[in-house]
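What follows is one structure encoded as structure tokens, with my remarks underneath.
Numbering (the numbering used here), first residue to last: 12 to 187.
The structure is reproduced here in structure tokens:
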């Protein structure tokens, strides 16, 4: 997992799990969570370290706790950070995924790793910018790589997802 910006998002997501499950109305109502200690509402267990989470909000503990409470409260209704997962195991941007995959030992046995997780490193969208003969072909190739949504490709190329969809259909028909 890439520390910025995913670490705090995951901390918030975990604190809000009981709320999303309908078990409590507020994260502070769930007694088996570290939320109350992190938010400064109770003393934490000796084994609980909150510095790494609170450090993302302020240098002063009291202010950091207040901002943490606000941050968690604002997370209600936010999409799950797991929707950003890449290759079922990476939570980070394209550069992070490529960096981690390049650090993996290619000589290591991969027999226990699912096929989807041991695929070649994902090419960043910029790779597809000049790959084909036309912009439409480049967009289609990026989408057909299987690593990007129509919306992601469209955003990168400055067009709507519908434009990307048309380019993909043209490529599949051999028109591009």
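Ideal Cβ positions, reconstructed from N, Cα and C, are used throughout, including at glycine.
Counted as a single uninterrupted DSSP element, the alpha helix (DSSP H) harbouring residue 73 occupies residues 72–85.
Taking 7 Å as the cut-off, the beta carbon of residue 142 is found no closer than this to the beta carbon of residue 155.
Using a C-beta cut-off of 8 Å, the stretch 12–31 makes contact with the stretch 58–70, since at least three inter-stretch Cβ pairs fall below that distance. Separation of residue 90 and residue 43 (C-alpha to C-alpha, rounded to the nearest whole angstrom) is 23 Å. The alpha-carbon of residue 114 is positioned some 32 Å away from that of residue 26. Residue 76 sits away from residue 55, with the two beta carbons spaced by 7 Å or more. Our two residues, residue 41 and residue 32, have alpha carbons roughly 11 Å apart in a direct line. Residue environment: residue 110 is assigned as exposed (fewer than 16 neighbouring CB atoms within 10 Å of its CB, all protein chains considered). Nearest neighbour of residue 78 by Cα position, chosen from 158, 138 and 46, turns out to be 46. In this structure, the beta-carbon distance from residue 179 to residue 165 does not fall below 7 Å.
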